[in-house]
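Asks:
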Amino acid sequence: MTDPRFAEIESHRPYLLRYALAQLRDGRLAEEAVQEALLAALESIASFGGKSTLRTWLTSILRFKVIDLQRRAVAERAQQPLHEEAEGGDETWLDELFDATGHWREAPQTWSDPGAALEQRRFWEAFERCLDRVPGAGGRVFFRREIVGEDTEAICKAEGITASNCWVILHRARLALRVCLEKSWFGRETAREG
Amino acid sequence: MKDEEPNCRAASKLLSIAYERRLSPDELAALQRHLDECLMCRNFDSQLKFLHNASQRYRTKD
Numbered sequence: 001m002t003d004p005r006f007a008e009i010e011s012h013r014p015y016l017l018r019y020a021l022a023q024l025r026d027g028r029l030a031e032e033a034v035q036e037a038l039l040a041a042l043e044s045i046a047s048f049g050g051k052s053t054l055r056t057w058l059t060s061i062l063r064f065k066v067i068d069l070q071r072r073a074v075a076e077r078a079q080q081p082l083h084e085e086a087e088g089g090d091e092t093w094l095d096e097l098f099d100a101t102g103h104w105r106e107a108p109q110t111w112s113d114p115g116a117a118l119e120q121r122r123f124w125e126a127f128e129r130c131l132d133r134v135p136g137a138g139g140r141v142f143f144r145r146e147i148v149g150e151d152t153e154a155i156c157k158a159e160g161i162t163a164s165n166c167w168v169i170l171h172r173a174r175l176a177l178r179v180c181l182e183k184s185w186f187g188r189e190t191a192r193e194g
Numbered sequence: 001m002k003d004e005e006p007n008c009r010a011a012s013k014l015l016s017i018a019y020e021r022r023l024s025p026d027e028l029a030a031l032q033r034h035l036d037e038c039l040m041c042r043n044f045d046s047q048l049k050f051l052h053n054a055s056q057r058y059r060t061k062d
């Protein structure tokens, strides 16, 4: 019962929860999907051959649990499209980032050695914190587009929004992530190494 | 306003949208002219690439 991989599986729970939340848009359902997926993974850990990474294997199990729950929850609130919010249609939020002449209010800096960041555990903690702070539908749409790699078209359809609204939501999410990472990681270069 | 040169606000949006659809030759040319003169938007361009790469790494990370 003390397979060291149990703890390893558990360490992917935060990622899996984000994945499920991006798809299901409901915290309770997402928890349920992840719980079921982790149980299924523990039962079949012997069949994990290491051909993919553990995270990829766990995600493939979770994917089916999510589809299953989506089918069961079709009529529920979680499935309502978000077009009421019309988040993508309104671009006044850009005024916070750009002045009246369209220039950056805060200039994007040159990030030093971003490749090295990917090798540091603490960078990924910052990355996850920033992901969680992306406002509105942005976090969810960014996760599905950039992390899961789904087609924009499929995501827009699931969200019930037009393609151009989807692009604006993604743009906003990228801008928010950029600001967050620059503040919480790349801006502290000297402090961190000193 | 087709002939107007993009400012940072417009250029950054094009840089982001380039991940979702193919930019037109006109859009690409205008974007390139802006990038040639704007370090801030070149930085933003690099940061978008970084976000894209980091996201892909995050998907399979152990």
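Chains as they are written, first to last, in this note's numbering: chain P, 1 to 194; chain Y, 1 to 62.
For each residue, glycine too, the CB sits at the ideal point set by N, CA and C.
1) When Cβ atoms are compared, which residues of the stretch 87 to 115 of chain P fall closer than 7 Å to chain Y?
2) Within the 7 Å Cβ cut-off, does Arg57 (chain Y) reach chain P?
3) Quick check on Phe48 (chain P): does DSSP put it in helix, strand or coil?
4) Please check if any C-beta of chain Y sits within less than 7 Å of the C-beta of Trp167 (chain P).
5) Can you look up Trp185 (chain P) in the DSSP assignment and give me helix, strand or coil?
6) When you compare each of P:Ala46, P:Thr110 and P:Gln23 to Lys65 (chain P) by their alpha carbons, which one comes out closest?
7) Could you check the C-alpha separation between Leu51 (chain Y) and Pro4 (chain P) for me, to the nearest Å?
8) Pull up the DSSP beta-bridge partners for Trp93 (chain P), would you.
9) Using only CA atoms, which one of P:Trp104, P:Gln120, P:Ala73 and P:Phe142 lies nearest to Asp26 (chain P)?
10) For Trp104 (chain P), which three-state DSSP category applies?
11) Using 7 Å as the threshold, is the C-beta distance between His12 (chain P) and Leu69 (chain P) below it?
12) Give every residue of the same chain whose Cβ lies closer than 7 Å to the Cβ of Cys156 (chain P), excluding the five residues on either side of it in the sequence, and list them in chain order.
13) Determine the burial state of Ser47 (chain P): buried for a count of at least 16 other Cβ atoms within 10 Å of its Cβ, exposed for fewer.
Replies: The structure says:
1) Leu94, Phe98, Thr101, Gly102, His103, Trp104, Ala107, Pro108, Gln109, Thr110, Trp111 and Pro114
2) Stepping through the second sequence from its first residue, residue 57 (chain Y) is reached at position 57. True, the Cβ-Cβ gap to chain P drops below 7 Å.
3) As a working note, residue 48 (chain P) is residue 48 in the first sequence. Coil at Phe48 (chain P), not helix or strand.
4) By 1-based counting over the first sequence, the position of residue 167 (chain P) is 167. At least one chain Y Cβ lies under 7 Å of Trp167 (chain P).
5) Indexing the first sequence from 1 puts residue 185 (chain P) at position 185. Trp185 (chain P): coil per DSSP, three-state reduction.
6) What you label residue 65 (chain P) is simply residue 65 of the first sequence in a count that begins at 1. When only C-alpha atoms are compared, the closest one is P:Gln23.
7) What you label residue 51 (chain Y) is simply residue 51 of the second sequence in a count that begins at 1. What you label residue 4 (chain P) is simply residue 4 of the first sequence in a count that begins at 1. Approximately 32 Å between the Cα atoms of the pair.
8) Within the first sequence, residue 93 (chain P) is the residue found at index 93, counting from 1. Looking at the DSSP assignment, Trp93 (chain P) forms no beta bridge with any residue, so it has no partner.
9) One-based indexing of the first sequence puts residue 26 (chain P) at position 26. It is P:Ala73 whose Cα lies nearest to the Cα of Asp26 (chain P).
10) The residue given as residue 104 (chain P) occupies position 104 in the first sequence. Here Trp104 (chain P) sits in strand by DSSP.
11) Here residue 12 (chain P) refers to the residue found at position 12 when the first sequence is read from its first residue. Here residue 69 (chain P) refers to the residue found at position 69 when the first sequence is read from its first residue. Their beta carbons are not under 7 Å apart, which means His12 (chain P) does not touch Leu69 (chain P) by this criterion.
12) Locating residue 156 (chain P) in the first sequence gives position 156, counting from the first residue. For Cys156 (chain P), where only same-chain residues beyond five positions count, the Cβ hits under 7 Å are Thr162, Ala163 and Cys166.
13) As a position in the first sequence, residue 47 (chain P) is number 47, starting the count at 1. So Ser47 (chain P) ends up on the exposed side.
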